[in-house]
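Input: a single structure, listed below in structure tokens.
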Amino acid sequence: MVGRIPVMDVTPVVNLGRNPAKGTVGEWFDVTALVFREGHDQLGAEVVLTDPEGTRRPPVRMVEVPDQVSRMRAPVRPDTEGPWTFEVQAWGDPLGTWLHDGPLKITAGVDVEVMFAELVLLLDRVAAEPGVDRAEARVLADTRTAVRDESRPVPARLAAAESPELAEVFAAHPLRELLSVEGPYPFFADRERALYSSWYEFFPRSEGAHVDEATGKLVSGTFRTATKRLRSIADMGFHVLYLPPIHPIGEVNRKGANNTLTPTPDDVGSPWAIGSKDGGHDAVHPDLGTLEDFDAFLAEARSVGLEVALDYALQAAPDHPWAKEHPEWFTVRVDGTIAYAENPPKKYQDIYPINFDRDPEGIYAECERVLRFWMDRGVRIFRVDNPHTKPVAFWEWLLGRVRATDPDVLFLSEAFTKPPMMQALATVGYHQSYTYFTWRNARLEIAEYLQEVSHETSAVLRPNFFVNTPDILPAFLQHGGPPAFRIRAALAATSSPSWGVYAGYELYEHVALRPGTEDYLDSEKFQLKVRDWDGAAERGETLAPYLTRLNEVRAAHPALQQLRNLTVHSSDDDSVLVFSKSTPTDDGGTDTVVVVLNVDPWSPHTTTVHLDMPELGLEWHDTVVVHDEITGQDWTWGAHNYVHLDPHVEPAHVLALRYPPQAEG
1 MVGRIPVMDV TPVVNLGRNP AKGTVGEWFD VTALVFREGH DQLGAEVVLT
51 DPEGTRRPPV RMVEVPDQVS RMRAPVRPDT EGPWTFEVQA WGDPLGTWLH
101 DGPLKITAGV DVEVMFAELV LLLDRVAAEP GVDRAEARVL ADTRTAVRDE
151 SRPVPARLAA AESPELAEVF AAHPLRELLS VEGPYPFFAD RERALYSSWY
201 EFFPRSEGAH VDEATGKLVS GTFRTATKRL RSIADMGFHV LYLPPIHPIG
251 EVNRKGANNT LTPTPDDVGS PWAIGSKDGG HDAVHPDLGT LEDFDAFLAE
301 ARSVGLEVAL DYALQAAPDH PWAKEHPEWF TVRVDGTIAY AENPPKKYQD
351 IYPINFDRDP EGIYAECERV LRFWMDRGVR IFRVDNPHTK PVAFWEWLLG
401 RVRATDPDVL FLSEAFTKPP MMQALATVGY HQSYTYFTWR NARLEIAEYL
451 QEVSHETSAV LRPNFFVNTP DILPAFLQHG GPPAFRIRAA LAATSSPSWG
501 VYAGYELYEH VALRPGTEDY LDSEKFQLKV RDWDGAAERG ETLAPYLTRL
551 NEVRAAHPAL QQLRNLTVHS SDDDSVLVFS KSTPTDDGGT DTVVVVLNVD
601 PWSPHTTTVH LDMPELGLEW HDTVVVHDEI TGQDWTWGAH NYVHLDPHVE
651 PAHVLALRYP PQAEG
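For the record, in the sequence shown the residue sitting at position 546 is 546 according to full-length UniProt numbering, with numbers rising by one throughout.
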């Protein structure tokens with residue numbers, strides 16, 4: 001039912017309030033609503049949060065959104081993990097009505113004494129409010145005396161009614177009439193890593209892989225050898241190390257190098273073909289070591305500041321123990337064979353997908369058991385393979401059960417599919433999502449996509465901008481040379497609070513299996529890969545220092561750790577993208593970063609960029625000192641600024657604004 005003061009179209013409200021909107025500890029986000037009333041009397045509105053302990057927090061006053069009729073908003077910020085709710089409260093505001101009407105009438109000589117008398121009644125009502133302190137009571141009493149004193153000039157009496165001191169008291173103790181409440185609506189505040197994270201992916205079997213001198217054969221790396229790379233990844237500023245499946249790999253229908261169907265005895269197969277005679281989802285591949293070796297790897301990662309994310313892939317190789325013990329969990333074709341996975345034209349003969357409708361109770365229980373097995377060993381982040389090929393209802397059940405007992409456990413959805421499915425998975429509990437970022441390369445489409453993920457879908461879907469994956473070598477990287485790698489890294493790291501790279505990116509690996517595909521030649525998915533990290537560093541043929549600097553800039557600027565604070569600006573060149581991110585800081589200041597990026601990896605571009613100064617908290621005529629976090633240069637910028645960006649030198653300005661502004665003239 002509509003309240004006496006209507007409150008409508010509240011945001012963020014997810015699935016009619018059935019699912020919580022996404023929040024993060026320390027993250028600012030706006031609650032908005034359409035708030036209006038009949039006639040001309042003034043109104044007020046506030047947002048009231050209730051924390052996970054059931055404590056109602058002090059209300060946050062809503063203000064009108066510029067250029068939007070009747071839309072009001074208030075910034076809120078949860079400070080602890082767990083389930084929160086918010087309400088929008090609206091009321092008739094007699095103080096606001098008087099402050100609007102009174103000066104107009106008194107200045108015009110209309111009902112002067114009546115208006116002052118009405119103000120006196122309002123002052124008495126405020127004075128009777130609980131919580132008014134002695135200083136505030138004195139302001140109210142002095143104002144009452146002043147406005148009642150008919151011996152004073154009318155302008156002097158009005159000036160007393162419009163004093164800043166009285167305005168502060170009114171703001172602190174509003175009079176609420178005809179109170180209307182909309183809500184409560186749920187949102188969940190996750191830990192910081194759900195929003196802000198830098199991911200690095202590597203295959204443990206390649207880290208330390210080497211040629212055996214006696215046999216001449218390539219030998220797999222292990223958890224012990226992979227441990228040696230942890231420090232270098234942490235030193236680049238990454239937070240999360242993601243490992244593809246570490247389980248035994250099936251031998252039946254095993255794939256050979258470059259996804260061939262004719263493997264040699266030495267081919268190691270795809271880690272996503274999970275399960276063999278050596279075990280299933282709760283075992284580790286013997287070539288990598290033991291569970292105890294994995295535990296040691298996990299502990300060493302923690303010691304250098306890395307969280308390890310494991311792949312959670314609910315599928316099985318033909319020789320997985322599930323296929324023998326529970327054939328009813330899979331789809332049987334009319335010829336009696338079990339159907340393997342397909343994503344036409346791709347075929348995965350080495351993988352059986354689970355049919356969740358054939359034994360839901362048994363499948364659900366086993367999937368939860370496997371997940372908790374790794375949680376109990378200390379894994380608190382999971383990257384989930386192809387969640388869109390499993391029922392959304394299953395994920396709502398599973399992720400809900402995990403959140404109920406372990407709300408710190410995070411899930412990244414690897415679903416490159418229709419937007420409604422991606423958003424549905426995020427709605428039912430996924431904390432982060434892969435996105436279409438990889439395929440957005442032109443300025444306009446990038447700008448539109450940044451607007452979408454930072455504002456239109458941010459209540460449910462947190463993006464993780466991976467620049468590449470073992471499955472995705474974008475054409476932009478195949479043909480753009482080293483500048484393309486710098487461009488995409490700079491864009492991902494500054495536009496999204498979460499981003500990621502797959503190992504080899506810093507070595508500019510860019511050769512495709514064949515023209516027109518996004519598959520790597522000699523893909524690490526099907527074979528061991530030996531990389532000369534030290535040699536590349538000695539020769540200066542690595543992007544690692546640039547990735548390190550980007551992560552340092554992200555760590556130094558709270559604005560780059562937020563999602564919903566992005567504003568797109570404009571330039572006169574179709575290849576130059578401009579956006580900013582701004583957020584309040586705990587010391588009462590503001591952190592603002594402006595990014596200017598040449599998205600053309602082949603050519604320099606010279607143009608003028610145009611900043612929306614009010615969006616930066618500035619006046620249109622202001623100038624401000626900007627510091628380039630990449631090159632270390634300083635300039636003075638205003639609303640219109642010259643830029644020249646050569647992608648072969650540096651494709652981006654990442655500009656920190658130095659407040660306060662310097663006014664012109």
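Ideal Cβ positions, reconstructed from N, Cα and C, are used throughout, including at glycine.
| L415 to I246, Cα distance in whole Å? | By one-based count along the sequence shown, residue 415 stands at place 415. By one-based count along the sequence shown, residue 246 stands at place 246. Reading the sequence as shown, one finds Ala at residue 415 and not Leu. Going by the C-alpha atoms only, they are around 21 angstroms apart.
| query | Which of the three DSSP states, helix, strand or coil, is assigned to A317? | reply | Residue numbering aside, residue 317 sits at position 317 when the sequence shown is read from its first letter. In this structure, A317 counts as coil in the three-state DSSP scheme.
| field | Proximity of A234 and V304 at Cβ, strictly below 8 angstroms | value | One-based indexing of the sequence shown puts residue 234 at position 234. One-based indexing of the sequence shown puts residue 304 at position 304. Their beta carbons are under 8 angstroms apart, which means A234 touches V304 by this criterion.
| query | Could you give the residue range of the alpha helix (DSSP H) that holds H479? | reply | Along the sequence shown, read from residue 1 onward, the residue named residue 479 stands at position 479. First-last of the alpha helix (DSSP H) with H479: A475 to H479.
| said: In whole angstroms, give me the CA-to-CA distance for E664 and V63. | reply: Locating residue 664 in the sequence shown gives position 664, where the first residue counts as 1. Locating residue 63 in the sequence shown gives position 63, where the first residue counts as 1. Its pLDDT being 46, under 50, E664 is placed unreliably by the model, and the measurement read from it follows with that caveat. As the crow flies, the alpha-carbon of E664 is around 29 angstroms from that of V63.
| task | State the Cα-Cα distance for the pair L291 and H285, rounded to the nearest angstrom. | result | If you number the sequence shown from 1, residue 291 lands on position 291. If you number the sequence shown from 1, residue 285 lands on position 285. Their backbone Cα atoms lie some 9 angstroms apart in a straight line.
| message | Here's the rule I'm using: 16 or more other beta-carbon atoms within 10 Å means buried, otherwise exposed. How should residue 666 be labelled? | response | In the structure as shown, the chain starts at 1 and stops at 665, and residue 666 therefore has no counterpart that could be examined.
| task | Figure out for me which residue from E506, F437, A556 and V530 has the closest Cα to the Cα of W499. | result | Here residue 499 corresponds to residue number 499 of the sequence shown, with the count starting at 1. Considering only alpha carbons, the answer is F437.
| task | Return the CA-CA distance between Y430 and D190, expressed in angstroms with no decimal places. | result | Mapped onto the sequence shown, residue 430 falls at position 430. Mapped onto the sequence shown, residue 190 falls at position 190. Rounded to the nearest angstrom, the two C-alpha atoms are 11 angstroms apart.
| request: Following the continuous beta strand (DSSP E) through N641, name the residue where it begins and the one where it ends. | output: Position 641 of the sequence shown, counted from the start, is the residue given in the question as residue 641. Where N641 is concerned, the enclosing beta strand (DSSP E) stretches over H640 to L645.
| task | Would you identify the three-state DSSP class for A160, choosing helix, strand or coil? | result | Counting from one through the sequence shown, the residue named residue 160 turns up at place 160. If DSSP states are grouped into helix, strand and coil, A160 belongs with the helices.
| said: Which residue wins for smallest C-alpha separation from D101, given the options P66, D142 and H40? | reply: Locating residue 101 in the sequence shown gives position 101, where the first residue counts as 1. Here the closest residue by C-alpha is H40.
| Residue-level contact to chain B via CB, P83, 8 angstroms cutoff | Here there is only one protein chain, and chain B is not present.
| request: Quick one: measure Cβ to Cβ for L49 and V76, integer angstroms, because I've assumed they're closer than 8 angstroms. | output: Indexing the sequence shown from 1 puts residue 49 at position 49. Indexing the sequence shown from 1 puts residue 76 at position 76. The C-beta distance from L49 to V76 rounds to 6 angstroms, short enough to meet the 8 angstroms contact threshold.
| query | What does a CB cutoff of less than 6 angstroms around T11 pick up in its chain, not counting 5 residues either side in sequence? | reply | The count along the sequence shown starts at 1 and reaches residue 11 at position 11. Taken in chain order, the residues that qualify are T32.
| request: Inspect the beta-carbon positions of G208 and P248 and report whether they are closer than 8 angstroms. | output: Here residue 208 is taken as the residue at index 208 of the sequence shown, counted from 1. Here residue 248 is taken as the residue at index 248 of the sequence shown, counted from 1. The answer is no: Cβ separation not under 8 angstroms.
| task | State the start and end residues of the unbroken alpha helix (DSSP H) segment that holds F116. | result | Residue mapping note: residue 116 aligns to position 116 of the sequence shown, counting from 1. From DSSP, the alpha helix (DSSP H) with F116 extends over V112 to A127.
| query | Is the beta carbon of P204 sitting closer than 8 angstroms to the one on G250? | reply | Mapped onto the sequence shown, residue 204 falls at position 204. Mapped onto the sequence shown, residue 250 falls at position 250. No, these two residues do not count as a Cβ contact at 8 angstroms.
| query | DSSP state of Y449, grouped into three classes? | reply | Counted from its first residue, the sequence shown places residue 449 at position 449. DSSP, read as helix, strand or coil, puts Y449 in helix.
| Which ranges would you report for the beta strand (DSSP E) in the stretch 9-56 if only whole runs of at least 3 residues count? | Taking only runs of at least 3 residues, the beta strand (DSSP E) segments lying wholly in the stretch 9-56 are 21-24, 29-35 and 43-50.
| said: Can you tell me which residues form a DSSP beta bridge with V626? | reply: Against the sequence shown, residue 626 aligns to sequence position 626. According to DSSP, which records beta bridges pairwise, V626 is partnered with W635 and L657.
| said: Can you look up F86 in the DSSP assignment and give me helix, strand or coil? | reply: The sequence position of residue 86 within the sequence shown is 86, counting from 1. If DSSP states are grouped into helix, strand and coil, F86 belongs with the strands.
| said: Quick check on M72: does DSSP put it in helix, strand or coil? | reply: Your numbering for residue 72 matches position 72 in the sequence shown. Three-state result, M72: strand.
| Separation of T222 from Y312, as counted between CA atoms | Numbered from 1 along the sequence shown, position 312 holds the residue referred to as residue 312. Numbered from 1 along the sequence shown, position 222 holds the residue referred to as residue 222. Computed Cα separation, rounded: 20 angstroms.
| Bridge partners of R152, per DSSP? | Stepping through the sequence shown from its first residue, residue 152 is reached at position 152. In DSSP, R152 forms no bridge with anything.
| query | What's the call for W91, buried or exposed, on a 16-neighbour Cβ count within 10 Å? | reply | The sequence position of residue 91 within the sequence shown is 91, counting from 1. Under this definition W91 is a buried residue.
| query | Is T389 helix, strand or coil by DSSP? | reply | Locating residue 389 in the sequence shown gives position 389, where the first residue counts as 1. If DSSP states are grouped into helix, strand and coil, T389 belongs with the helices.
| request: Using beta-carbon positions only, say whether P20 and P184 come within less than 8 angstroms of one another. | output: Within the sequence shown, numbered from 1, the residue matching residue 20 stands at position 20. Within the sequence shown, numbered from 1, the residue matching residue 184 stands at position 184. It is not a contact, given that the beta carbons lie outside the stated cut-off.
| field | Beta-carbon contacts of S197 that lie in its chain and below 7 angstroms, excluding the five residues immediately before and after | value | In the sequence shown, counting from the first residue as 1, residue 197 sits at position 197. Closer than 7 angstroms at Cβ, skipping near neighbours: H239, V240 and S498.
| task | State yes or no: is the C-beta of A492 within less than 8 angstroms of the C-beta of F526? | result | In the sequence shown, residue 492 corresponds to position 492, counting from 1. In the sequence shown, residue 526 corresponds to position 526, counting from 1. In this structure, F526 does not lie closer than 8 angstroms to A492 by Cβ.
| query | Mind checking whether A555 and S582 have CB atoms under 8 angstroms apart? | reply | For the purposes of this step, residue 555 is taken as residue 555 along the sequence shown, with counting starting at 1. For the purposes of this step, residue 582 is taken as residue 582 along the sequence shown, with counting starting at 1. Not closer than 8 angstroms, so no.
| message | Output needed for D574: all residues of its chain with C-beta closer than 7 angstroms, excluding positions within five of it in sequence on either side, in chain order. | response | Here residue 574 corresponds to residue number 574 of the sequence shown, with the count starting at 1. For D574, where only same-chain residues beyond five positions count, the Cβ hits under 7 angstroms are R443.
| query | Which residues share a DSSP beta bridge with S180? | reply | Along the sequence shown, one-based indexing puts residue 180 at 180. Paired residue(s): A90.
| said: Using only the alpha-carbon positions, how far apart do E396 and V428 sit? | reply: The residue labelled residue 396 in the question sits at position 396 within the sequence shown. The residue labelled residue 428 in the question sits at position 428 within the sequence shown. Our two residues, E396 and V428, have alpha carbons roughly 5 angstroms apart in a direct line.
| field | With 16 other Cβ atoms within 10 Å as the buried cut-off, status of T97 | value | Reading the sequence shown from its first residue, position 97 is the one you call residue 97. Buried: at least 16 other Cβ atoms inside 10 Å.
| Between the CA atoms of V626 and residue 666 - distance to the nearest angstrom | Any property of residue 666 remains undetermined from this structure, which presents the chain solely from 1 to 665.
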